[in-house]
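Below is one structure, written out as structure tokens; the observations come after it.
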Amino acid sequence: MDRLLGYHSYGIMLATTLAAIAGCTGDVGDPGASGSGGGGVTLPDGTESASLLPARIRRLTNAEYAASVRALTGTTKNPSEGFAPDSRQDGFTVNDAQRVDPVLAKQLAAAAEALAAEVKGKVSELAPCADPATLAESCARTFITSFGGRAYRRPLDAAEADALLAVYRVGAKGATYADGIELVARAVLQSPGFLYLTEIGDGSGGDALALTPHELASSLSYLITAGPPDDALMEAAAAGALSTPEGREAEVRRLLQTSAARERIVRVVREWLGVDRIAMTAKDSNVYGDFAGARASMERETQDFVTEVLMSSTGTVGELLGADWSIVDEPLSKVYGVTGTGRVSLSDRRGILNQGAFLSVYAHATETAPVLRGVTVLRRVACVSIPSPTELNINVVPPVPDLSKTTRQRFEIHSTDAACKGCHNSIDPIGFSFERFDGMGMVREFDNEQKVDSAVTVAIGADFDGAYADSNALAQALSTSPTVRSCFARNVLRASVGRSGKAAAESEEAFLKAWQAVPEAEQGKLVETLITYVKSSLFSHRRPQ
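Heads up, the sequence shown is in our numbering, so the first residue is 982 and it goes up one at a time.
This is the structure:
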């Protein structure tokens, strides 16, 4: 078997890598685009080519890998649960910085071996052959065409099919038809054609590259469902329907009705605010004895709340931040001090920022963390640039513990330090507004036996500047802020394109222009923001590297 694996590693991996980088043979660019100098394409909506993202390939995230192998093999397992965590870019797991390091390579190999064994066990279903004794290679070719095409999300070219047939022959030699099929599956599941998505077009020259129909189908499917394109989407690609903004919008709205789309959209919101990290958050049990029993409930609350807002209510960032209700179970109702479970009124705990997951993630193991809470709201909710202390060459010394002072009193020292106050005059008022909640999100009246003060005045030059009694009042202001709406649109784009910062600055500005043209009532809706992106040339085109 080591000899077989060696053949796979140096043969099929090389072939599929070259295919992934060279382009998808047989595909054509945007059928509706007119030619330009050098064989390139004209951007249909006049977008400047400089604002396009570069042509690239990106690795599937762990969640995307799990959805892909389930669709391909029918497995009920999730092999990516044991994988190394995804790297994050600006908080999001979908990004072009994902790599296959030696640790992940071993994990992928082990997963492929286990999944290929499942394929072998279902060979009569996945690779049927009426007479393996005489028709084995013909049946293997049929399997390779079908399985490989679905794995690579495009038709295989002759060289790829021949290479996989060679793998089949090695596996079947001195063994059985099923052994050959198993090795093919094992090779495909470790190949770049499966593990990576391409955004490189058909190889046309010029200032802009149109994604191929199959690239459009894959990009759209993974964007909306975090999984491979279904048959209907592949048929739409083959028919050229994805070459138009209207055709792409129709497919998005169809896919949004699926459970996979709901899970993907909820993941975007949770990664936006970092509340998906609640599952890995720990507290000192001597200080927060109820946290361990409520942590899973906090995770469920964010999932259920975001799902309800986006799929059954307004679908807006305003409701995400300002809702006067949530969905809680019994352990969490005790933490919140409310009666009943399910959808309950929480008029004094508005929106996702005042829920247990956010308040727990952005707190320390033994106390609150006003700086973490303030920085997160400014950066993630308002898109206010706050440099890190290391960028400013500042050595941060946390305020010393003092049982005679509240947390707020201790941290107010920042505003008296000349090196710190420039940033902390913006950060701290936001963070102090949350002081009525402890480090696991429970309401408190006292801190170190002194009455908690959560009243603040925000003065950062934003449209939500003002005086607020607490984070509840601040959340209401944030929920109606045009600045926040615009920031949310930026984050939806970042989560979608898998790139942020200076490398995507021009793309963001081009997208914001398109987004601002949408009716104001639609601008705060995540789904409509996604559709604005999908209909734009930023989705359908790339610029050469």
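No residue lacks a Cβ here, since even glycine has one placed at the ideal position from N, Cα and C. The structure presented is a predicted model; accordingly, all values stated were derived computationally and were not measured.
- Residue 1499 and residue 1362 do not touch by the CB rule: their CB atoms are close to 20 angstroms apart, not below 8 angstroms.
- Counting along the chain, no alpha helix (DSSP H) covers residue 1448; the unbroken beta strand (DSSP E) around it starts and ends at 1447-1449.
- Between residue 1488 and residue 1105, the C-beta gap is not smaller than 8 angstroms, which leaves the two residues out of contact.
- Only residues of its own chain outside the window of five on either side were considered, and among them 1256, 1259, 1279 and 1283 have a CB closer than 6 angstroms to the CB of residue 1338, listed in chain order.
- Spanning the alpha carbons of residue 1261 and residue 1271 requires a straight line of approximately 16 angstroms.
- Residue 1335 holds the alpha-carbon nearest to the alpha-carbon of residue 1422 among 1494, 1050 and 1335.
- Taking C-beta atoms as the reference points, residue 1275 and residue 1316 count as a pair closer than 8 angstroms.
- Here the region 1452-1468 does not lie against the region 1389-1402, with fewer than 3 beta-carbon pairs under 8 angstroms apart.
- 8 angstroms or more divides the Cβ of residue 1077 from the Cβ of residue 1135.
- In its chain, beyond the 5 residues on either side, 1194 have a beta carbon closer than 7 angstroms to the beta carbon of residue 1219.
- Using a C-beta cut-off of 8 angstroms, the region 1040-1052 makes no contact with the region 1218-1232, since fewer than three inter-stretch Cβ pairs fall below that distance.
- Under the DSSP definition of a beta bridge, residue 1223 lacks any partner.
- According to DSSP, residue pairing for residue 1524 in a beta bridge involves 1035.
- For residue 1438, the uninterrupted beta strand (DSSP E) run begins and ends at 1437-1439, by DSSP.
- Per the coordinates, the alpha-carbon of residue 1250 lies some 7 angstroms from the alpha-carbon of residue 1287.
- For residue 1427, the number of other beta carbons within 10 angstroms of its own is below 16, and it is reported as exposed.
- Annotation: residue 1408 to residue 1229 spans about 41 angstroms, alpha carbon to alpha carbon.
- Here residue 1155 is exposed, its C-beta having fewer than 16 other C-beta atoms within 10 Å.
- In the DSSP assignment, residue 1185 falls outside any beta strand (DSSP E), carrying neither H nor E.
- Contact between the region 1083-1101 and the region 1158-1165 is present, with at least three C-beta pairs closer than 8 angstroms.
- In this structure, residue 1298 lies near residue 1505, with their beta-carbon atoms less than 8 angstroms apart.
- In the structure shown, residue 1317 falls within a helical segment according to DSSP collapsed to helix, strand and coil.
- Under DSSP, the beta-bridge partners assigned to residue 1191 are 1522.
- The alpha carbon of residue 1482 has as its nearest neighbour, out of 1051, 1054 and 1071, the alpha carbon of 1071.
- For residue 1432, the secondary structure class from DSSP, reduced to helix, strand or coil, is strand.
- Burial state of residue 1068 is exposed, judged by a 10 Å Cβ sphere holding fewer than 16 other Cβ atoms.
- By the C-beta density criterion, residue 1471 is buried, having at least 16 other C-beta atoms within 10 angstroms.
- Excluding residues up to 5 positions away in sequence, 1228 lie with their Cβ nearer than 7 angstroms to the Cβ of residue 1222 in the same chain.
- Burial state of residue 1057 is exposed, judged by a 10 Å Cβ sphere holding fewer than 16 other Cβ atoms.
- A check of alpha carbon separations from residue 1055 across 1444, 1132, 1088 and 1437 identifies 1132 as the nearest.
- Note: residue 1427 is bridge-paired with 1432 in the DSSP secondary-structure output.
- Excluding residues up to 5 positions away in sequence, 1274, 1275 and 1278 lie with their Cβ nearer than 6 angstroms to the Cβ of residue 1312 in the same chain.
- Taking 8 angstroms as the cut-off, the beta carbon of residue 1167 is found closer than this to the beta carbon of residue 1093.
- Excluding the 5 residues flanking it on each side, residue 1289 has same chain C-beta neighbours closer than 8 angstroms at 1308 and 1324, in chain order.
- Around residue 1418, the same chain offers 1335, 1340, 1349, 1424, 1425 and 1452 as residues with beta carbons nearer than 8 angstroms, after the five sequence neighbours per side are excluded.
- Distance between residue 1205 and residue 1231, taken at the CA atoms: about 12 angstroms.
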